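2 protein chains.
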Amino acid sequence: MRSLAHPKKGELQLDAVLSALADPIRRQIVGYLAASPGTHACGAFNLPVTKSTSTHHFRVLREAGLIRQDYQGTAILNSLRTEDLEAQFPGLLQAVLQPTNPRHLPIG
Amino acid sequence: MRSLAHPKKGELQLDAVLSALADPIRRQIVGYLAASPGTHACGAFNLPVTKSTSTHHFRVLREAGLIRQDYQGTAILNSLRTEDLEAQFPGLLQAVLQPTNPRHLPIG
DNA sequence: ATCGTAGTACGAAATACATCGTACAATAAA
DNA sequence: TTTATTGTACGATGTATTTCGTACTACGAT
Chain V
1 MRSLAHPKKG
11 ELQLDAVLSA
21 LADPIRRQIV
31 GYLAASPGTH
41 ACGAFNLPVT
51 KSTSTHHFRV
61 LREAGLIRQD
71 YQGTAILNSL
81 RTEDLEAQFP
91 GLLQAVLQPT
101 NPRHLPIG
Chain H
1 MRSLAHPKKG
11 ELQLDAVLSA
21 LADPIRRQIV
31 GYLAASPGTH
41 ACGAFNLPVT
51 KSTSTHHFRV
61 LREAGLIRQD
71 YQGTAILNSL
81 RTEDLEAQFP
91 GLLQAVLQPT
101 NPRHLPIG
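Line by line, the protein sequences are chains V and H.
Letter by letter, the first sequence follows residues 1 to 108 in UniProt numbering.
Letter by letter, the second sequence follows residues 1 to 108 in UniProt numbering.
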């Protein structure tokens, strides 16, 4: 079984978290996970970029500690690390996702 | 009297705000302004970079709408746009500045 | 009029980032 | 065992970002 590296809760860096959230595509991913709690394969997000770019963005989010990625077969189950984020940076996720545009749903 | 361009309250972009806040030097500036409300000249921040780099970071913050810059003589009075930010992105500033390290005071 | 102070303009260099295409790996299903 | 599905690795490319040094401007003080 393959597995991917994740920073521990206590290792989350604000720099990395904010950099990750500064990109609109990554906010789209995070927003979707927040709006549809649970796990979702990368393909479920209908991102307006190619597969390899998509891989890149998911990795940035994982390495920043924003999401968890667990293999299941060939797919990856992505989920938001809501509790860890709330513990380290209380209010941040809500403040970033709050904003007016709930462009957080898949287009398809 | 010289003056500098600022985005209006309603024009603030989350993208720009988060990108601005993703840089530690700029967070140091914002944190200092939040901790010591009022106006402060650029030189008062004891930033670990040269003057020209400093100018760059202040401009990024101003253009993102995080700070207001008003000339007074040759100096610039910098202040945090707390209310505008709170109106557009409630809770964001507090969430970003909250974190453990109150490294927000000038070193000198 | 000269000098000092506060910050800018401009160009350069190094690094980082977002994006893509193609080839590949791992798993599941047929 | 073949095929389809999901996502990765790698390299390339174009753009942005951070940083600096030097020369400059605007203003206040002498």
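We put the CB at the ideal spot given by N, CA and C, even for glycine.
Remember, it's a predicted structure, so these values are computed and weren't measured experimentally.
Query: For a contact defined as C-beta to C-beta under 8 Å, what are the partners of H:Ala44 on chain V?; Result: Those within 8 Å of H:Ala44 in chain V number zero; the least Cβ separation is about 24 Å.
Query: If I follow the unbroken alpha helix (DSSP H) through V:Ala22, where does it start and stop?; Result: V:Ala22 -> no alpha helix (DSSP H), and no H or E assigned at all.
Query: Output the residue ranges of the beta strand (DSSP E) runs that lie fully inside the UniProt domain "HTH arsR-type" (6 to 100) of chain V and measure 3 residues or longer, sorted by chain position.; Result: 67 to 72 and 75 to 80
Query: What's the call for V:Ala87, buried or exposed, on a 16-neighbour Cβ count within 10 Å?; Result: exposed
Query: Considering only residues of the same chain and omitting the five flanking positions on each side of H:Leu77, which have a CB-CB separation below 6 Å?; Result: Thr39 and Asp70
Query: Mind checking the region 71 to 95 of chain V against chain H and listing, in chain order, the residues whose C-beta falls within less than 7 Å of any C-beta there?; Result: Phe89, Pro90, Gly91, Leu92, Gln94 and Ala95
Query: Beta-carbon of V:Pro7 versus every beta-carbon of chain H: anything under 7 Å?; Result: no
Query: Does H:His104 get closer than 7 Å to chain V when you measure Cβ to Cβ?; Result: At H:His104 the pLDDT is 41, less than 50, meaning the model places this residue with poor confidence; the figure from the coordinates comes in the next sentence. Cβ-Cβ to chain V under 7 Å: no for H:His104.
Query: Just tell me which of V:Arg81, V:Pro90, V:Gly91 and V:Met1 has its CA closest to the CA of V:Pro37.; Result: V:Arg81
Query: In angstroms, rounded to a whole number, what distance separates the CA positions of V:Leu85 and V:Lys9?; Result: 8 Å
Query: Say the cut is 6 Å; is the CB of H:Gln98 nearer than that to a heavy atom of the ligand MN?; Result: For the structure depicted, the ligand MN is absent and the ligand set is empty, with no information on it obtainable.
Query: I want to verify the contact list: residues of chain V whose CB lies under 7 Å from the CB of H:Pro24, in sequence order.; Result: Asp15
Query: Using 8 Å for Cβ pairs, my map puts H:Asp23 next to V:Pro24. What's the rounded Cβ distance?; Result: That pair is no contact at about 18 Å.
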